[in-house]
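Participant:
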Amino acid sequence: MSRPPSPLWHPFADMGAVATSPFLIDRAEGTTVWDGDGRPYLDATAALWYANLGHGREELARAAADQLRRLDAYSTFGDFTNAPAEALAHRLAARFPEPGAKVLLASGGGDAIDAAAKIARASFAARGEPERVHLISREHGYHGTHGLGTAIAGIPANRAGFGPQAPDQSVIAWDSVAALEAEIERIGPRRVAAFFVEPVIGAGGVRLPPEGYVEGVAEVCARHGVLLVADCVICGFGRLGTWLGIDRWPVVPDLVTLAKGLTGGALPLGATLVREAVAAPFFPGSPGAPVLRHGATYAGHPVASAVALAALDLYEREGLIERGAELEVPLADALAPLDGHELVGEVRAGLGLLAGIDLADDVLAACPGAPQAWALGAREAGVLVRPLARGVAVSPPLTVSLRDIARIGDALHAGLEAV
Ligand code: PLP
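Here the sequence shown is numbered in the UniProt record's numbering, starting from 1 and rising by one per residue.
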């Protein structure tokens, strides 16, 4: 008997294909997830780069349940506040590389990115530079799918087909400090508001920054008064072995966007951290300041904030932030043998607990669907990885064992049979 078509519309999915073969995830614990038939898989993607603490953490469930009973919902609009949102803002601000940072809470990474872009522009306007509106981003960059995140997308397919985008933005080469300098000169330094950087590019292929790149672009931004937005939605919370991701480098960003691992993935939550000087026009210490007319219903949601606080406790107590760095060499070692395979083009790993493995150019030319086939092959071998445009990405929970890391390498090898 054929099943009636599902009305559930999956993001970034070929719904024709999904309609005939949806992949039901039924439950999860630790680094294992089970499908609808009870078959276990190693979750080498941490869901979508975010179940950093592993699945099924009792501490998160308890924090959510306790908070639901005490104060299930309230906004932080106007003068309203709540204890979990206050505590979370303090703890996140304390992780910013400079004192005095402000924290705007949101519902996810795309929210945090659009907030960052608007805060950058609004801060300049409030400081008498309203012409500073231009946003610069990088090829292969992914910054969510909201309005401004779509406009600055470095993956062209993610911009195409949605009609006119916000003007005043440009995309530069992903790996060149000189390209940023040249673009700022071309636009005119006094017209550029912000430059967006994923320290390690995630969805665009797991691209590690060249040596000196992060320090280089930070210096160029500072010299031209352009705000540096570190998009750490993937890179934060241990993925690069540090709290924020950008703090792996000796730079002070102007804004940092966070989401995903912030709650261990258990509830949707995002945050935009704003350097004191950028937020200052909105925090003058006396009434009459400009008002940031931006924010969503769920900003500072008490339950999501309580779960985030419990997640931060777990990262601290179990030393999981550092583990992201401790495991970077074992992960790179486990994937290194793939480098010599005739179907593989490039293995990118060694900075944090994430990796990208591209198929060879001739394989991709002959079969554009090869990354999906490879991910399905690995799934058959019992390991979930993420297909990307040119290959697959790996980003297991920080709780992953060395044995499981070895399994990821083996399953990717076995999965190549399906390509
Ligand atoms: N920024 C980066 C670097 C991301 O990887 C993502 C999502 O994958 C986002 C922003 C958007 O986050 P969300 O999907 O929570 O809106």
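Heads up, the beta-carbon is just placed ideally off N, CA and C, and yes, glycines get one too.
Predicted model only: the values in this text are computed from it and were never measured.
Put S21 into one of helix, strand or coil per three-state DSSP.
Facilitator: As a first step, residue 21 is located in the sequence shown; it is residue number 21 there, counting from the start. Three-state result, S21: coil.
Participant: Going by alpha carbons, who is nearest to R403 out of V383, D361, V392 and G391?
Facilitator: By 1-based counting over the sequence shown, the position of residue 403 is 403. Checking every option, the nearest Cα to that of R403 belongs to V383.
Participant: Would you call the CB atoms of A373 and V385 closer than 8 Å?
Facilitator: For the purposes of this step, residue 373 is taken as the residue at position 373 of the sequence shown. For the purposes of this step, residue 385 is taken as the residue at position 385 of the sequence shown. Not in contact: A373 and V385 (Cβ atoms no closer than 8 Å).
Participant: May I ask whether a heavy atom of the ligand PLP can be found less than 7 Å away from the beta carbon of V233?
Facilitator: Residue mapping note: residue 233 aligns to position 233 of the sequence shown, counting from 1. True, at least one ligand heavy atom lies under 7 Å from that Cβ.
Participant: Would you mind listing the beta strand (DSSP E) stretches within the segment 39 to 89 that are 3+ residues and don't spill past its ends, in chain order?
Facilitator: Runs of the beta strand (DSSP E) inside the segment 39 to 89: 40 to 43.
Participant: Going by C-alpha to C-alpha distance, which of G261, D313 and V252 sits closest to V274?
Facilitator: By one-based count along the sequence shown, residue 274 stands at place 274. The option with the nearest alpha carbon to V274 is V252.
Participant: Under a Cβ-count criterion, where at least 16 other Cβ atoms within 10 Å of its own Cβ denotes burial, should R223 be classed as buried or exposed?
Facilitator: Here the question's residue 223 lines up with position 223 in the sequence shown. The residue in question, R223, is exposed, as its Cβ has fewer than 16 Cβ neighbours within 10 Å.
Participant: Looking only at its own chain, which residues have a Cβ that is under 8 Å from the Cβ of D313, when we skip the five neighbours before and after it?
Facilitator: Numbered from its first residue, the sequence shown carries residue 313 at position 313. Around D313: E59.
Participant: Do you know how far the Cα of H341 is from the Cα of V133?
Facilitator: Here residue 133 refers to the residue found at position 133 of the sequence shown. Here residue 341 refers to the residue found at position 341 of the sequence shown. In a straight line, the C-alpha of V133 is about 47 Å away from that of H341.
Participant: The ligand PLP and I187: does any heavy atom of the ligand fall closer than 7 Å to the residue's C-beta?
Facilitator: Here residue 187 refers to the residue found at position 187 of the sequence shown. Checking every heavy atom of the ligand PLP against the Cβ of I187, none is found closer than 7 Å.
Participant: Only counting the same chain, and skipping five residues up and downstream in sequence, which positions put a Cβ closer than 6 Å to that of G300?
Facilitator: One-based indexing of the sequence shown puts residue 300 at position 300. Excluding positions up to five away in sequence, the list reads T76, A85 and L105.
Participant: Quick check: does the Cβ of Y142 come within less than 7 Å of any heavy atom belonging to the ligand PLP?
Facilitator: Residue 142 sits at position 142 when you count from the first residue of the sequence shown. Checking every heavy atom of the ligand PLP against the Cβ of Y142, one is found closer than 7 Å.
Participant: Between A332 and A349, how many whole angstroms is the CB-CB distance? I'm expecting something under 8 Å.
Facilitator: Counting from 1 along the sequence shown, the entry for residue 332 is found at position 332. Counting from 1 along the sequence shown, the entry for residue 349 is found at position 349. Rounded, the Cβ-Cβ distance is 4 Å, consistent with contact.
Participant: For a test of the three-state rule: what should DSSP assign to W34, helix, strand or coil?
Facilitator: Residue numbering aside, residue 34 sits at position 34 when the sequence shown is read from its first letter. Strand at W34.
Participant: I119 lies in the beta strand (DSSP E); which residues open and close that run?
Facilitator: By one-based count along the sequence shown, residue 119 stands at place 119. From DSSP, I119 is part of no beta strand (DSSP E) but of the alpha helix (DSSP H) over G109 to A126.
Participant: Please identify the residue among H294, G285, A360 and E129 whose C-alpha is closest to the C-alpha of L338.
Facilitator: Residue mapping note: residue 338 aligns to position 338 of the sequence shown, counting from 1. Per the Cα distances, A360.
Participant: Would you tell me roughly how many angstroms separate the C-alpha atoms of T272 and F283, rounded to the nearest one?
Facilitator: Here residue 272 is taken as the residue at index 272 of the sequence shown, counted from 1. Here residue 283 is taken as the residue at index 283 of the sequence shown, counted from 1. Going by the C-alpha atoms only, they are around 16 Å apart.
Participant: Report yes or no: is there a C-beta of chain B within less than 8 Å of the C-beta of R27?
Facilitator: Checking the listed chains, one finds no chain B in this structure; it contains a single protein chain.
Participant: With a floor of 3 residues, list each beta strand (DSSP E) that falls wholly inside the segment 341 to 375, ordered by position along the chain.
Facilitator: List check, beta strand (DSSP E) in window: 344 to 348 and 355 to 359.
Participant: Can you tell which of S176, Y142 and A93 has its C-alpha closest to the C-alpha of A157?
Facilitator: Within the sequence shown, the letter at position 157 stands for residue 157. The shortest C-alpha separation from A157 is found at Y142.
Participant: Given A173, which residues of its chain have a CB within under 8 Å of its CB, disregarding the five upstream and five downstream residues?
Facilitator: Within the sequence shown, numbered from 1, the residue matching residue 173 stands at position 173. Once the five neighbours on either side are set aside, the close Cβ partners of A173 are R138, E139 and A179.
Participant: Report the rounded CA-to-CA distance for S395 versus G204, giving the unit in angstroms.
Facilitator: As a working note, residue 395 is residue 395 in the sequence shown. As a working note, residue 204 is residue 204 in the sequence shown. Distance between the alpha carbons of S395 and G204 is about 14 Å.
Participant: Okay, do the segment 237 to 250 and the segment 281 to 295 touch, 3+ Cβ pairs below 8 Å being the bar?
Facilitator: No: the two stretches stay apart, fewer than three of their Cβ pairs being nearer than 8 Å.
Participant: Between the beta-carbon of P397 and the beta-carbon of N52, is there less than 8 Å?
Facilitator: For this step, residue 397 is matched to residue 397 along the sequence shown. For this step, residue 52 is matched to residue 52 along the sequence shown. Yes, these two residues count as a Cβ contact at 8 Å.
Participant: May I ask you to check if the CB of I113 is nearer than 7 Å to at least one heavy atom of the ligand PLP?
Facilitator: Sequence index remark: in the sequence shown, residue 113 carries index 113 (1-based). Yes, Cβ of I113 sits closer than 7 Å to a heavy atom of the ligand PLP.
Participant: Give the single residue among A277, H55 and L208 whose Cα lies nearest to the Cα of G356.
Facilitator: Within the sequence shown, the letter at position 356 stands for residue 356. The shortest C-alpha separation from G356 is found at L208.
Participant: Kindly indicate which three-state DSSP category T150 falls into: helix, strand or coil?
Facilitator: Taking the first residue of the sequence shown as 1, we reach residue 150 at position 150. DSSP places T150 in helix when its eight states are reduced to three.
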